[in-house]
Structures are given as C-alpha cells and as structure tokens.
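**Student:** Numbering (our numbering), first residue to last: 144 to 220.
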Amino acid sequence: MRKVKRPLGPVVIDAIGTALTDEDRERLRHPATGGVILFSRNYENPQQLLALCEDLERLREPALPVCVDHEGGRVQR
Numbered sequence: 144m145r146k147v148k149r150p151l152g153p154v155v156i157d158a159i160g161t162a163l164t165d166e167d168r169e170r171l172r173h174p175a176t177g178g179v180i181l182f183s184r185n186y187e188n189p190q191q192l193l194a195l196c197e198d199l200e201r202l203r204e205p206a207l208p209v210c211v212d213h214e215g216g217r218v219q220r
C-alpha cells in the first residue's frame, strides 16, 4: 500500500438519532467533516426533521451539506 502524502478530502458522516447529541456536534464540527447524511432513524415527523436540519445549519459556517438515504434497506456494493 502506498503512503498518502496529502490529506484525503472531507467525509460525510451520520447523526445518531432524531436530535444532535454533544458527540454528534463534536464530530460535525471537526474540520475533516464535509457533510452529514440522514437515515430513517433520524426522522420522527416533519416538524422534528425541520428542527434537526435547522440545528445542523446553525452548527457551522458555511453550513454542511445534508444528504439523505431515501431508499431504506441495507447498502449493497
């Protein structure tokens, strides 16, 4: 395996639940974090999802891109 001589690009990470935990906030503020992905476990209802997205938007400047897994089920590669 070759050595990496420069840092890799930013990564997209997930949030744990329906609201951000202190651990989520710490990981999302890390400079290597380039976005967040939301899954069905992050959704209860439209109002809760809006509050979560607003919390994510206020976390960093500029705001992190928010991705969603809309298919459900396991990832197949």
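Virtual Cβ for every residue (Gly too), placed ideally from N, Cα, C. Fair warning: this is a prediction, and the values are worked out from it, not measured in the lab.
In whole angstroms, give me the CA-to-CA distance for residue 206 and residue 174.
**Tutor:** Those two C-alpha atoms are separated by around 13 Å.
**Student:** Taking C-alpha atoms, which residue in 203, 161, 188, 169 lies nearest to residue 181?
**Tutor:** Of the listed residues, the one whose Cα sits closest to residue 181 is 161.
**Student:** Given this structure, state the Cα-to-Cα distance separating residue 170 from residue 197, to the nearest angstrom.
**Tutor:** If I take the Cα positions, the gap works out to 17 Å.
**Student:** What residues in its chain sit with their C-beta under 8 Å from that of residue 166, if we drop five residues either side in the sequence?
**Tutor:** Taken in chain order, the residues that qualify are 159.
**Student:** Where do the N-terminal and C-terminal ends of the alpha helix (DSSP H) with residue 181 fall, by residue?
**Tutor:** Looking at the DSSP string, residue 181 is not in any alpha helix (DSSP H); the run it does join, the beta strand (DSSP E), is 176 to 181.
**Student:** Just to confirm before moving on: does the CB-CB distance between residue 179 and residue 211 stay below 7 Å?
**Tutor:** For residue 179 and residue 211, no; Cβs fall outside 7 Å.
**Student:** From what residue to what residue does the beta strand (DSSP E) around residue 157 run?
**Tutor:** Segment 154 to 157, the beta strand (DSSP E) holding residue 157.
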